[in-house]
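2 protein chains.
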Amino acid sequence: MLDAGAIKRSLKGGGLRCTPQRYAVMAFLMEYHGHPTAAEIYKAVNLVDPRSSRATTYNNLRDLVRAGLVREVAVEGRAARFDAKGIRHHHFICDRCGNVEDLAWFDVPRPASRTLGKRVLRECELIFRGLCTKCAPRRASR
Amino acid sequence: MLDAGAIKRSLKGGGLRCTPQRYAVMAFLMEYHGHPTAAEIYKAVNLVDPRSSRATTYNNLRDLVRAGLVREVAVEGRAARFDAKGIRHHHFICDRCGNVEDLAWFDVPRPASRTLGKRVLRECELIFRGLCTKCAPRRASR
DNA sequence: ATTTCATATTAGATATATTCCAGTTTTATG
DNA sequence: CATAAAACTGGAATATATCTAATATGAAAT
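One line per chain: the protein sequences are A and B, in this order.
The first sequence begins at 14 in our numbering and counts up one residue at a time.
The second sequence begins at 14 in our numbering and counts up one residue at a time.
Now the structure itself:
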């Protein structure tokens, strides 16, 4: 079950006010185990309580990403996907349908600082590409 | 120097006809060492020889990616970037300006098949996020 | 509890990125 | 060189995301 206090605290921890709209986005991402697009999140939170606009949903997602509470996954030619940063995990993106799936975490070597140059490393992300279980059997059909 | 024959051959190898427009896109990506957007590529190839439309540029990029000759890098909220798959490398994306930079290659562990499930793995991509050298010193300013 | 103000929200307009369409042209093949 | 499949075209359409400026609200301080 979702702990309202925990959500409130993590928003505050990220320097964000707890507004009904922002709370709704965060709560939705925490209980929904998928990788919804901004449009899907907008729809879902308004289904429960129709008080959020599209702009606000985008604003809140941006703020949550900046605060490090949510991860954004860009997918070529499609809407970005979001998920709450709970347990560490990698991502698998299907080249056919664009769906994003989680993969169990495993450690990734960090690049040597000479590889990285003077760049500031914030995080690293491992993305596997291929065909998901739904698309793989139908590989021949185009 | 660019070898016209080599480009022709790699297009053919990918099952693609060699048209002036497609050749121009591939040649540009091979000699330009950056990560241009579709719009930039469109502009650049038409500067040399104004015979390509926007739609064709997009179509060709799609085909080249499908043929495995070009890599597409999605960046949140911005246009996708492209580069010719020459030497293997990883990518660094700047969280502030969205620029994509190359990082020297190093091996990445493949996930165990139990981690991958029944998914078909095509490739894996390591993306480092942070601040590029241009943006890092100005980190305080927003 | 009330005041205060920085922050957040809103609807709609706008900007940006990409794909679709339907008719025409071109490439590679035999 | 005739042919057919593939590629090209400009413009319209769609999808995605951001901006704007007026209004409302959360939470810190009284």
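Ideal Cβ positions, reconstructed from N, Cα and C, are used throughout, including at glycine.
{"Query": "Could you tell me which residues DSSP pairs with residue 230/B in its beta bridges?", "Result": "No answer is possible for residue 230/B: it lies beyond the span of chain B, which begins at 14 and ends at 155."}
{"Query": "Could you check whether residue 119/A and residue 49/A sit closer than 8 Å to each other, using their CB atoms as the reference points?", "Result": "no"}
{"Query": "I need the straight-line Cα distance from residue 34/A to residue 85/A, nearest angstrom please.", "Result": "19 Å"}
{"Query": "Any C-beta of chain A sitting closer than 8 Å to the C-beta of residue 135/B?", "Result": "yes"}
{"Query": "Using the Cα positions of residue 91/A and residue 112/A, report the straight-line distance between them to the nearest angstrom.", "Result": "10 Å"}
{"Query": "Along chain A, in chain order, which residues have C-beta atoms closer than 8 Å to that of residue 131/B?", "Result": "146 and 149"}
{"Query": "Tell me whether the beta-carbon of residue 132/A lies closer than 8 Å to the beta-carbon of residue 139/B.", "Result": "no"}
{"Query": "Answer yes or no: do residue 31/A and residue 42/A have a C-beta to C-beta separation smaller than 8 Å?", "Result": "no"}
{"Query": "Whole-angstrom Cβ separation of residue 36/A and residue 20/A, contact assumed at under 8 Å?", "Result": "6 Å"}
{"Query": "Exposed or buried, which one is residue 104/A when buried takes at least 16 other CB atoms within 10 Å?", "Result": "buried"}
{"Query": "With 8 Å as the threshold, decide whether the Cβ of residue 69/A is near any Cβ in chain B.", "Result": "no"}
{"Query": "Which same chain residues, not among the five before or five after residue 66/B, have their C-beta less than 7 Å away from its C-beta?", "Result": "none"}
{"Query": "Could you pull the start and end residues of the alpha helix (DSSP H) that residue 95/B belongs to?", "Result": "Element bounds for residue 95/B: not the alpha helix (DSSP H) but the beta strand (DSSP E), 94 to 97."}
{"Query": "Smallest Cα separation from residue 17/A: which of 40/A, 78/A, 135/A and 63/A?", "Result": "40/A"}
{"Query": "Have a look at 73/B, 123/B and 98/B and flag the residue whose alpha-carbon is nearest the alpha-carbon of residue 117/A.", "Result": "123/B"}
{"Query": "Under 8 Å between the Cβ atoms of residue 80/B and residue 29/B?", "Result": "yes"}
{"Query": "Determine, using beta carbons only, whether residue 10/A comes closer than 8 Å to chain B.", "Result": "Look at the range of chain A in this structure, 14 to 155, and you will see that residue 10/A is not part of it."}
{"Query": "Return the bridge partner residues of residue 116/A from the DSSP annotation.", "Result": "103/A"}
{"Query": "Does the beta carbon of residue 108/B sit closer than 8 Å to a beta carbon anywhere in chain A?", "Result": "yes"}
{"Query": "Name, in chain order, the residues that DSSP records as bridge partners for residue 84/A.", "Result": "96/A"}
{"Query": "Counting only C-beta atoms, is residue 52/B closer than 8 Å to chain A at any point?", "Result": "no"}
{"Query": "Taking C-alpha atoms, which residue in 44/B, 75/B and 130/B lies nearest to residue 114/A?", "Result": "130/B"}
{"Query": "Under 7 Å between beta-carbons, which chain B residues line up against residue 87/A? List them in chain order, please.", "Result": "87, 88 and 89"}
{"Query": "Bridge partners for residue 128/B per DSSP, in chain order?", "Result": "Residue 128/B pairs with nothing; no bridge assigned."}
{"Query": "Quick one: which unbroken beta strand (DSSP E) runs of 3-plus residues sit fully inside the segment 25 to 73 of chain A? Chain order, please.", "Result": "none"}
{"Query": "Relative to chain A, which residues along the segment 115 to 127 of chain B have a C-beta separation below 7 Å, given in chain order?", "Result": "116, 117, 119, 121, 122 and 124"}
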